[in-house]
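Below is one structure; the comments refer to it alone.
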Amino acid sequence: MKIAMFTDAYYPRINGVTVSVHSYATELSKLGHTVCVVCLEYSEEQQKSAFFNEKESDEKSPFKIVRIPSWSFSAISKEDRVAKFDKWHRVKKIMRDFKPDVIHINSEWVIGYFGAMYAVHDKIPFVFTFHTMWEDYLVNYVNFLPDSGLRKIGRSVVKFYLKRADVIIAPTKKIASVVQDYGIQKTPEILPTGIVDSLEKYSLIRQGTISLQILKKFPQLVGKKVLLFVGRIVKEKNLAFLYDVLEEVKKEYSLTALLFVGGGPYLEELQKIARERNLSSSVAFAGYIPSTDIIYFYKFSQVFVFPSKTETQGLVTAEAMLAGLPVVAIGELGTVDVMQGDNGGFMVKDDVKEFSEKVVTLIKNAKVRKKKIKDAVEWGKKWKISSLTPRLVECYEKAIRVSQKTRLRQFF
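If you count the sequence shown from 1, position 365 lands on 365 in the working numbering, and the numbers rise without skipping.
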């Protein structure tokens, strides 16, 4: 099958959509499908800051990557860019040469729009994954419009794709229910992103090397139990909440520290808050880490802490579990679907005291910790992408059938 995946976020820009597109495109290629990813061309500055060379990386990719020239979108986000509108004809020509059997749209902005327009104009089956709750996210990035207006815009943008897609994919049951709330009379297919099993390439020797590098770079972590957060450093992930947790945990176990892995627009503010609260001696910021090395940070730490309340999936919690790191997370949105209770750790309310108590339990109670580590590994296996990709192929096949039936109805 020939599959064209359209996305407004791709490497070197790192977020959940990027990981989803790359992971599924890689697995689909392994299964023998021909994949073309249509994405953005990023600035040289962004490539350098992420230690990423587009040309070199794209040439080594197991699937075709087409990058569309873009311009900065810094008025809303320093990290994001928008494809140039006048490149539509180039995209159309590339697709007509590629001849996709199905279009899979993973984002809602210009690249996503190009994909939708091509699918509609050339009558190509069209799958849309509802990755992002834009009505919640926009209010964190745009401050020159009222929240009510932003939420309306967010809903309208998503509904444009929901109405036109032959098949809708929702990563969680919660997102699937939102589709119904939007008045869309289609039943979404529930399919999470899935995680790559990095344990296959895990090396004890490299673990020792990286652990020593971490301790050398961040002496504030030496001799302490480490609480780890991995993800984009953005305001909507509720990250300052972890400072409250850290202070509570230190009352019970003083040798505790907090390590953030990832980058983002909220990084400087989060560092400033740490200084103002006199927590710098117990907090470290590692920045972006190559995906191949994330496993070593999980293995280095004692508890994975996840305070986000806006996550559509929160699959990073499952990734931590698969590495044998128990999780404490706030049970809202995607986290509820991933953890489904206290699987692989503890799912708690938005409450500093309860969150902190569970962290302390995992640090001090060896018996509970041992059980949760075992549970975490087993639960994490449910989310491996190798077992989820065949279900994505089924979604594509369904879209082809739906599209054919629609055309037949229109003909008669």
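Quick reminder that beta carbons are idealized off the backbone N, C-alpha and C, glycines included.
Near residue i, what residues of its chain come up, given a Cβ to Cβ distance below 6 Å and the 5 sequence neighbours on each side ignored?
i    : result
F412 : Only weak support is given to the placement of F412: the predicted model assigns it a pLDDT of 47, under 50, and the question is left unresolved by the model.
S20  : T193
M1   : H33 and D101
M339 : M347
K186 : I168
Y396 : V102
L388 : G194
V402 : D166
F128 : I105, Y161, A165 and I168
F126 : I103, A119, A165 and D166
P188 : I168, A170, A176 and V179
A320 : Y298, F304 and V327
Exposed or buried, what is residue i when buried is set at 16 or more other beta-carbons lying within 10 Å of its beta-carbon?
i    : result
A176 : buried
F260 : buried
V17  : buried
S72  : exposed
Q313 : buried
V120 : exposed
I429 : The shown model of the chain, from 1 to 412, leaves out residue 429, and the question about it has no answer.
K309 : buried
L31  : exposed
D122 : exposed
R415 : Within the shown structure, residues of the chain are numbered from 1 to 412, placing residue 415 beyond reach of any answer.
D181 : exposed
A165 : buried
Y253 : exposed
A366 : exposed
S148 : exposed
F85  : exposed
S301 : buried
E269 : exposed
V222 : exposed
E45  : exposed
Let's see if you can read the secondary structure: which residues bound the beta strand (DSSP E) around residue i?
i    : result
H22  : From DSSP, H22 is part of no beta strand (DSSP E) but of the alpha helix (DSSP H) over G16 to K30.
G345 : G345 to V348
Going by the DSSP bridge assignment, what does residue i pair with across the sheet?
i    : result
V37  : M5 and I65
L105 : The displayed chain sequence assigns Ile, not Leu, to residue 105. For I105, which the question treats as bridged, DSSP gives the partners F6 and F128.
K384 : I195
A83  : S70
V230 : V261
Leaving out five residues before and five after residue i in sequence, what residues of the same chain have Cβ atoms less than 8 Å from its Cβ?
i    : result
A83  : D8, L40, I68, P69, S70, W109, V110, I111 and F114
V249 : L227, T256, S356, V359, V360 and I363
V393 : M1, L28, L31 and H33
E56  : none
S282 : Q220, K224, L246, K250, T256, A257 and L258
S107 : F6, T7, D8, A9, V17, H131 and T132
V352 : F241, D244, V245 and E248
G341 : M347
T406 : D166
I210 : D293, Y296, F297 and F300
Determine the extent of the alpha helix (DSSP H) in which residue i is found, giving its start and end residues.
i    : result
R96  : W88 to F98
D58  : E54 to K60
M117 : V110 to H121
S356 : V352 to K364
May I ask you to check if the CB of residue i is nearer than 8 Å to at least one heavy atom of the ligand SAH?
i    : result
K382 : Here there are no bound small molecules, and the ligand SAH is not part of this structure.
By Cβ distance below 7 Å, which residues in the same chain neighbour residue i in space, the five residues on each side in sequence not counted?
i    : result
V196 : S23 and I385
S280 : A274
K99  : K2
K382 : none
I214 : L221 and F300
When you compare the CB of residue i with every CB in chain B, is at least one pair closer than 9 Å?
i   : result
E79 : This model lacks chain B altogether, as it is built from one protein chain only.
Practice item. Could I get the ranges of all uninterrupted beta strand (DSSP E) runs contained in the segment 156–226, with 3 residues as the minimum, in chain order? Key: List check, beta strand (DSSP E) in window: 167–170.
Exercise for review: Please specify which runs of the beta strand (DSSP E), each continuous and at least 3 residues long, are wholly inside the segment 280–336, giving them in chain order.
Suggested key: List check, beta strand (DSSP E) in window: 283–287, 303–306 and 327–330.
Check your understanding: Going along the chain, which unbroken runs of the beta strand (DSSP E) with 3 or more residues stay wholly within the segment 234–286?
Key -> Taking 3 residues as the minimum length, the beta strand (DSSP E) runs contained wholly in the segment 234–286 are 256–261, in order along the chain.
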